[in-house]
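Worksheet: the structure to be examined is printed underneath.
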Amino acid sequence: MKHLNVYIIALIAVCVSASCRKDLPEINDPANTISGNFSEVFDSYWNGMNNNYVFWDIDTTDWDRVYKQYKPLFAKLNLNDSTDVRKGYTYFKEMTAGLVDSHYDLTFKDAWLADSFSINPAYQRKVASPDYHDPISIFHFYNDVPRGYLDAGAVRGFTNVGTTAQYVAVSGTINQDILYFFFSGFNLKTLYNTDTANGVKTVEQYFFDKLKNTANIKGVIIDVRGNGGGDLADLNFLLGRMIDKQLDFGYTRSKQGNGRLDYSPWAPAFVTPQAGARNITAPIVMLADAWSVSMAEMTTMAVKSLPNGHFVGERTWGANGPLTSNIYYNGGQFSTDYINLVYTSSLMLKYRDGKIYEGVGFPPDVEVKYDAASLETGRDKQLEAAIGLIR
Amino acid sequence: MKRKLCLFVALFLCAYGAYAQFEVGISGGYNRNYLHTSTGYRAFTKYEDLGGFVVGIPIQYHFNDWFAIEADPSYIQKNYEQSRDHFFEGIYQKNTNSYIQLPLMAHFSFGGSKLRGFFNAGGYAAYWMSGRIKGAMANVFDDGPEIPDNEQVYDYLQFNQAYKYDEKYTFDSRRDRRIELGLLAGAGIEYRLQQKYRFFVEARYYYGLSDQQKNYMINQIPRYNDTYVLQAGCMFNIRNIFHGSSAE
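Going down the list, the sequences are from chains A and B.
In this text, residue positions in the first sequence follow the UniProt record's numbering: the first is 1, and each later residue adds one.
In this text, residue positions in the second sequence follow the UniProt record's numbering: the first is 1, and each later residue adds one.
Next up, the structure:
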């Protein structure tokens with residue numbers, strides 16, 4: 001080893017260069033943070049979004065800019081001052097205003113915000129849009145549709161779940177050969193499988209029996225106007241009864257790492273036929289509107305993918321990403337010590353045409369706008385268009 | 001065209017063969033690549049090392065009997081796996097990443113005239129050519145068979161069945177940094193045969209200094225490749241092959 005000095009110099013050079021790696025940042029679970037001050041509140045929320053939000057690929061919000069702009073602003077606030085807490089609420093509203101996720105909803109644990117609305121960017125955008133209209137009254141579906149459009153013998157019912165949720169369903173025939181099924185939310189499978197009788201279950205049974213036993217079905221109308229979505233299991237439970245082979249309608253992907261752009265591959269989204277299903281070859285028409293959200297939109301997309309599928313009504317809400325607990329898909333909704341729930345999608349959905357309709361809504365192939373004046377008189381132009389399409 | 005290329009290569013090798021110090025060779029071996037990163041607080045999720053292979057064409061220029069510089073243009077895989085365990089057993093992704101790499105190093109050797117030991121130290125530049133991902137993920141739209149109320153559930157894929165995939169990795173230019181720079185160190189032994197050939201085995205370590213991702217987000221968790229290679233090869237003394245053995 002007569003050239004030891006050369007070896008030592010080489011070794012030192014290697015060691016110096018090796019220190020060029022960046023340190024791994026410590027990333028903590030936002031649920032395990034302490035909201036002792038507003039800086040901690042901001043950091044836990046911002047990092048939670050940074051790592052868990054699934055739409056960074058398509059979202060136009062510059063989250064780094066949000067960090068640089070709002071971190072110092074939150075640092076000036078006092079968590080024990082009600083005026084500052086209100087100001088913090090306003091900051092949260094500003095920070096999230098452009099988020100594309102149309103499920104997105106922020107609720108707070110702070111008692112000073114107990115009387116404040118949750119922060120829902122999609123709703124704020126919807127209210128501000130020139131096309132905004134209120135949802136169609138549930139009484140239109142419950143009273144006007146059976147009275148004005150359904151044959152005698154139509155059934156309707158409702159079921160209350162807990163103290164806040166109510167599910168309404170209506171079903172009947174139109175001219176004896178068109179089946180109509182309205183339901184206000186996706187909890188069909190659960191309500192159907194309960195041991196006790198309930199209003200929605202009765203309506204479901206009626207519809208399923210008609211679907212199976214009506215000899216010459218001319219068409220099926222599934223009405224999800226005003227339907228806020230719900231259980232994903234209902235997709236197979238409902239549409240799986242009308243197909244005899246797998247129905248592919250899109251793709252989903254989830255987060256796969258902590259980076260904003262770390263995604264899984266796209267997995268196919270499909271409906272699986274159910275045992276005893278009847279392949280419906282007659283037109284199946286989805287009736288949906290601007291208040292058809294989430295599962296109502298996914299069901300519409302699935303039906304639209306059928307060769308005999310149609311969509312009449314308005315562009316939907318635009319919340320297409322399925323939701324589940326964060327742990328299952330390593331992303332999506334989370335909580336912090338200060339925020340009760342950051343309600344956000346767990347997966348991103350892409351329709352079979354390659355487009356992502358999150359934030360923009362799924363467009364109808366036959367557009368019929370909301371008509372308040374007609375609805376006031378009990379006339380339903382959207383339903384009439386669906387019937388007209390079948391005839 | 002092919003004939004012209006062969007002629008050019010032959011002339012090139014002959015020309016370089018005029019220098020006794022110049023050697024060219026082939027090498028190949030097995031490697032294990034570790035991704036130096038963190039899963040943060042992701043539940044039941046981990047990164048693991050994976051095996052791959054490397055093939056190269058080492059070229060050495062000897063200044064004297066103990067010191068040479070070496071370039072080793074090569075194809076190398078730097079693979080790793082991300083997987084989940086416990087209730088999420090069965091969810092995984094194997095990343096097969098192919099790089100074209102150019103290591104440049106100082107080659108220090110010592111020992112006798114036939115059997116010698118050596119050290120290599122230097123750096124490398126690599127280009128992430130392509131990738132392939134193979135794995136299984138839960139598909140939220142693929143419900144498993146109904147689970148009876150009195151039955152326990154042992155893994156998440158009973159709820160949402162696995163979607164298995166094996167596809168080309170799609171680069172995202174906003175995130176993926178395809179140029180990798182790093183350091184290397186190696187050690188091995190070589191055996192000289194008939195003044196024409198030197199057979200060697202070497203253990204080499206590639207230490208990535210470039211994050212696999214561009215700086216595209218605050219609080220980004222970097223990813224570095226750590227690659228351990230065990231390779232063997234043979235160096236040819238061009239001059240001695242084309243002009244016969246020369247006395248030392």
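Here a beta-carbon is modelled for each residue, glycine too, at the ideal position from N, C-alpha and C.
Computed from a prediction, not measured in an experiment: that's the story for all the values here.
At 7 Å on the CB atoms, spell out the chain A contacts of residue i, in chain order.
i              : result
M129 (chain B) : Under the 7 Å cutoff, chain A gives no residues; its nearest Cβ is about 20 Å from M129 (chain B).
N33 (chain B)  : The contacting residues do not exist; N33 (chain B) stays about 16 Å from chain A at best.
I133 (chain B) : P265
Y41 (chain B)  : I27, N28, D29
Using a C-beta to C-beta distance shorter than 9 Å, which residues of chain A count as neighbours of residue i?
i              : result
E167 (chain B) : P265
P222 (chain B) : R21, K22, D23, L24, P25
M217 (chain B) : N50, W56, W63, D64, G259, R260, L261
S38 (chain B)  : L24, P25, E26, I27, N258
Q101 (chain B) : None at all; the shortest Cβ gap to chain A is about 17 Å.
Since residue i sits in a beta bridge, which residues does DSSP pair it with?
i              : result
E190 (chain B) : B:R116, B:F200
H36 (chain B)  : B:Y224
A136 (chain B) : B:Y92, B:K164
C234 (chain B) : B:I26, B:F199
D248 (chain A) : A:F270
K350 (chain A) : A:Y251
N31 (chain B)  : B:G52, B:V229
D223 (chain A) : A:F182, A:L287
P103 (chain B) : B:Y124
D131 (chain A) : BP columns for D131 (chain A) are empty, so no partner.
T173 (chain A) : A:L179
Y206 (chain B) : B:L184, B:T227
E367 (chain A) : A:G313
Y167 (chain A) : A:T159
I179 (chain B) : B:Y127
D143 (chain B) : B:N160
Tell me which residue opens and which closes the alpha helix (DSSP H) that residue i is part of.
i              : result
K210 (chain A) : 199-213
L383 (chain A) : 381-390
G52 (chain B)  : Element bounds for G52 (chain B): not the alpha helix (DSSP H) but the beta strand (DSSP E), 45-56.
N160 (chain A) : That residue, N160 (chain A), is in no alpha helix (DSSP H); its beta strand (DSSP E) goes 155-161.
D105 (chain A) : That residue, D105 (chain A), is in no alpha helix (DSSP H); its beta strand (DSSP E) goes 105-108.
Y67 (chain A)  : 63-75
I327 (chain A) : 326-329
Y89 (chain A)  : 82-96
Within its chain, find whatever has a CB closer than 7 Å to the CB of residue i; leave out the 5 residues flanking it on each side and keep chain order.
i              : result
L113 (chain A) : V85, Y89
G90 (chain B)  : A136, D155, L157, A162
A10 (chain B)  : Residue confidence for A10 (chain B) is low, a pLDDT of 49 falling below 50, so the modelled location carries little weight; the figure read from the coordinates is stated next. Excluding residues within five positions, none has a Cβ falling inside 7 Å.
N51 (chain A)  : I27, N258
F12 (chain B)  : Its pLDDT being 46, under 50, F12 (chain B) is placed unreliably by the model, and the measurement read from it follows with that caveat. Excluding residues within five positions, none has a Cβ falling inside 7 Å.
L306 (chain A) : L247, I284
Quick one: which chain A residues come within Cβ less than 8 Å of residue i?
i              : result
T45 (chain B)  : N330
R174 (chain B) : L261
Q231 (chain B) : Near Q231 (chain B) there are no residues of chain A at all, since even the closest Cβ is about 20 Å away, more than 8 Å.
Q213 (chain B) : G259
Run through chain D and tell me which residues come within less than 7 Å of residue i, C-beta to C-beta.
i              : result
I189 (chain B) : Protein chains A and B are contained in the structure displayed, whereas chain D is not.
Near residue i, which residues of its chain fall below 6 Å by C-beta distance, leaving aside the five closest residues on each side in sequence?
i              : result
A18 (chain B)  : Because the pLDDT of A18 (chain B) is 44, which lies under 50, any placement of that residue in the model is unreliable, and the number read from its coordinates should be weighed accordingly. So the list is empty, once near-sequence residues are dropped.
G117 (chain B) : F110, G111, I189
D101 (chain A) : F55, T344, S345
C20 (chain A)  : none
Y224 (chain B) : H36, G208
A185 (chain B) : A121, Y205
Which stretch, first to last residue, makes up the beta strand (DSSP E) that contains residue i?
i              : result
E314 (chain A) : From DSSP, E314 (chain A) is part of no beta strand (DSSP E); its letter is neither H nor E.
L341 (chain A) : 339-343
A71 (chain B)  : 67-71
S74 (chain B)  : 74-77
S83 (chain B)  : 80-84
Residue i versus chain B: which residues are under 7 Å apart at the beta carbon?
i             : result
G98 (chain A) : Those within 7 Å of G98 (chain A) in chain B number zero; the least Cβ separation is about 17 Å.
Taking 8 Å as the limit between beta carbons, can you name the residues of its chain near residue i, skipping five residues before and five after?
i              : result
D231 (chain A) : F186, N187, L188, K189, T190, M295
I179 (chain B) : A125, A126, Y127, W128, S210
I138 (chain A) : V168, S184, G226
R156 (chain A) : Y142, P146, V168, A169, V170, S171, G199, V203
Anything in chain B within Cβ reach of residue i, meaning under 9 Å, just list it in chain order.
i              : result
T252 (chain A) : N139, V140, F141
Which chain B residues are close to residue i, counting only those with a beta carbon under 8 Å from its beta carbon?
i             : result
Y67 (chain A) : I218
* To do: Mind checking the segment 137-150 of chain B against chain A and listing, in chain order, the residues whose C-beta falls within less than 9 Å of any C-beta there?
  => M137, A138, N139, V140, F141, D142, D143
(request) Check distances from the C-beta atoms of the segment 231-250 of chain A to those of chain B and list, in chain order, the residues that come in under 7 Å. (result) L232, A233, N236
For the segment 41-63 of chain A, list every residue whose C-beta sits within 9 Å of some C-beta in chain B, in sequence order.
W46, N47, N50, N51, W56, D57, W63
- [ ] Please name the residues in the segment 61-85 of chain B whose beta-carbon is closer than 9 Å to at least one beta-carbon of chain A, in chain order.
- [x] W66, F67, Q82, R84
Worksheet item: What residues from the segment 309-331 of chain A come within 8 Å of chain B, judged by C-beta to C-beta, listed N to C?
Response: P322, T324, I327, Y328, Y329, N330
Contact list for the segment 267-289 of chain A against chain B, Cβ threshold 9 Å:
A267, P268, A269, F270, V271, T272
Open item on the list: Output needed in chain order: residues of the segment 150-163 of chain B with a Cβ under 9 Å from some Cβ in chain A.
Closed with: Y156, F159, N160, Y163
> According to a CB-to-CB cut-off of less than 7 Å, which residues of the segment 332-351 of chain A neighbour chain B?
Replying inline: L347
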